[in-house]
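Novice: Questions regarding the structure given below will be posed in turn.
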Amino acid sequence: MITNLDVTLRDGGYRNNFDFPLDYALHHAREAVAAGMEWVEIGYRNGSFKQVPGIGRTGEGADDYIRALAEVVPPEKICMILHPKNITDEDLPRMYEAGVRLVRFCLPSSAEPDAALAQLRRAADIGFTTTVNITRVSQLDPRRLVEIAARSGDAGADVVYLADSNGSLLPGQTARLVNLVRSVTDAAIGLHAHNNLGLALANAIAAVDAGATWIDSSVLGMGKGPGNLVTEQWLAYLGRDGQGDAYDLGRILTLADRLAADVAEAQPALPLPDLILGRFDLSVEARAELPFERIGEAFSAARELTAAAAA
3 MITNLDVTLR DGGYRNNFDF PLDYALHHAR EAVAAGMEWV EIGYRNGSFK
53 QVPGIGRTGE GADDYIRALA EVVPPEKICM ILHPKNITDE DLPRMYEAGV
103 RLVRFCLPSS AEPDAALAQL RRAADIGFTT TVNITRVSQL DPRRLVEIAA
153 RSGDAGADVV YLADSNGSLL PGQTARLVNL VRSVTDAAIG LHAHNNLGLA
203 LANAIAAVDA GATWIDSSVL GMGKGPGNLV TEQWLAYLGR DGQGDAYDLG
253 RILTLADRLA ADVAEAQPAL PLPDLILGRF DLSVEARAEL PFERIGEAFS
303 AARELTAAAA A
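For reference, each letter of the sequence shown is one residue, going 3 to 313 in our numbering.
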């Protein structure tokens with residue numbers, strides 16, 4: 003069985019500064035749940051990794067926003083993601099009281115996980131379902147991935163997510179990473195795919211074939227850069243593969259039409275800079291180092307930057 007998690011209101015926020023109108027956020031959550039999505043990620047708690055000026059409601063994740071969502075969908079469907087450095091001791095119990103039941107901890111691969119895993123244990127004690135999202139796995143040494151995954155499972159994570167933050171994984175790599183993580187933890191395995199190379203769907207299929215059971219997607223693929231696995235495309239695939247009986251694709255398509263009409267930034271796109279970042283497995287922070295106003299030069303500069311990092 004696959005658990006499908008909608009990330010539109012959170013990852014899609016990178017396109018519109020997390021400024022979804024409240025009436026749209028309520029409609030989106032209600033329709034996604036009615037269509038059969040097991041979880042709806044309604045936003046960040048206290049912002050993304052880097053603070054964003056004027057961040058909107060799905061980036062702040064305030065208590066009153068959570069309560070508004072919990073009035074239209076059951077708390078057992080409400081998910082929120084956070085960066086451990088952004089929260090205080092009060093945040094987890096307040097989130098639970100307001101209506102969140104799944105909390106996801108972003109673990110940057112460059113940071114030691116001890117403090118984050120201590121927070122995860124506390125979340126589990128409160129009653130949350132928990133996931134660890136290991137970011138930028140395409141750049142991570144396999145030994146480091148094994149260490150973080152094993153420690154996350156030992157800390158009680160229900161799911162260990164592989165986050166292809168740079169959108170650079172190939173399907174064969176994805177399958178190998180899923181198998182590697184499955185060998186060191188009994189936690190379920192999830193995939194959060196980005197679409198820089200147009201491979202989000204192929205990577206999701208490879209992940210599930212290798213044993214992953216949790217998959218993130220967003221309506222219209224709305225997400226950072228070129229976006230995420232497209233929910234409507236993924237559910238159409240599951241239907242063709244005989245796994246989509248629990249989902250109402252027609253309802254998701256109607257929601258996609260509403261999103262496109264209400265949120266201009268939701269329109270699918272593959273910006274050429276993000277294609278280059280995906281090709282060379284560079285993070286979004288590398289944008290500042292590359293002359294993207296001259297795309298050909300940016301491609302050459304990205305190749306040189308990657309070669310220098312490998313030297």
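C-beta: ideal position from N, C-alpha, C; glycine also. In this text, all values refer to a predicted model and were calculated from it rather than measured experimentally.
Is T176 helix, strand or coil when you go by DSSP?
Specialist: In the structure shown, T176 sits in a helix (DSSP, three-state: H, G or I).
Novice: My output table needs one value for P165: the three-state DSSP class, helix, strand or coil.
Specialist: Contrary to the premise, residue 165 reads as Ala rather than Pro in this sequence. Three-state DSSP puts A165 in a strand.
Novice: With a floor of 3 residues, list each beta strand (DSSP E) that falls wholly inside the stretch 99-155, ordered by position along the chain.
Specialist: 104-109, 131-136
Novice: Could you say which of V161, A311, N168 lies nearest to V180 if we only look at CA atoms?
Specialist: Answer by Cα proximity: V161.
Novice: Which residue from A190, P55, V221 puts its Cα closest to that of L255?
Specialist: V221
Novice: Anyone know if the C-beta pair for H196 and N135 falls short of 8 Å?
Specialist: no
Novice: Based on DSSP bridge pairs, tell me the residues matched to D8.
Specialist: Bridge partners of D8: V42, S219.
Novice: Using three-state DSSP, classify G193 as helix, strand or coil.
Specialist: Looking at the sequence provided, one finds Leu at residue 193 rather than Gly. Reduced to three states, the DSSP call for L193 is strand.
Novice: Near V54, which residues of its chain fall below 8 Å by C-beta distance, leaving aside the five closest residues on each side in sequence?
Specialist: N19, F20, G61
Novice: Use the C-beta contact count for R305: other C-beta atoms within 10 angstroms, 16 or more gives buried, fewer gives exposed.
Specialist: R305 is exposed by the Cβ-count criterion.
Novice: DSSP on N205, reduced to helix/strand/coil?
Specialist: helix
Novice: Determine contact between the stretch 253-268 and the stretch 41-59, defined as no fewer than three beta-carbon pairs at a distance below 8 Å.
Specialist: no
Novice: Helix, strand or coil for I57 per DSSP?
Specialist: DSSP places I57 in the coil class of the three-state scheme, outside both helix and strand.
Novice: Have a look at V286 and F294 and give me their C-alpha separation to the nearest angstrom.
Specialist: 12 Å
Novice: What would DSSP say about V232, mapped onto helix, strand or coil?
Specialist: Of the three classes helix, strand and coil, the one that applies to V232 here is strand, per DSSP.
Novice: When burial is assigned at 16 or more other CB atoms within 10 Å of the CB, is T137 buried or exposed?
Specialist: buried
Novice: So, with DSSP's three-state summary, where would you put I83?
Specialist: I83 falls in the strand class under three-state DSSP.
Novice: From this set, A165, L94, L28, which residue's C-alpha is nearest V75's C-alpha?
Specialist: L28
Novice: Could you give the C-beta distance for D13 and G225, rounded to a whole number, given that I count them as a contact under 8 Å?
Specialist: 4 Å
Novice: Is the stretch 272-279 touching the stretch 226-235, taking contact as three or more C-beta pairs under 8 Å?
Specialist: yes
Novice: Would you identify the three-state DSSP class for A157, choosing helix, strand or coil?
Specialist: coil
Novice: Is it buried or exposed, G298, if we count other Cβ atoms within 10 angstroms and call 16 or more buried?
Specialist: An exposed status is given to G298, since fewer than 16 other beta-carbon atoms sit within 10 Å of its beta-carbon.
Novice: Confirm, please, whether the CB-CB distance from L203 to Q235 is below 8 Å.
Specialist: yes
Novice: For S50, does the count of other Cβ atoms within 10 angstroms reach 16, so buried, or fall short, so exposed?
Specialist: buried
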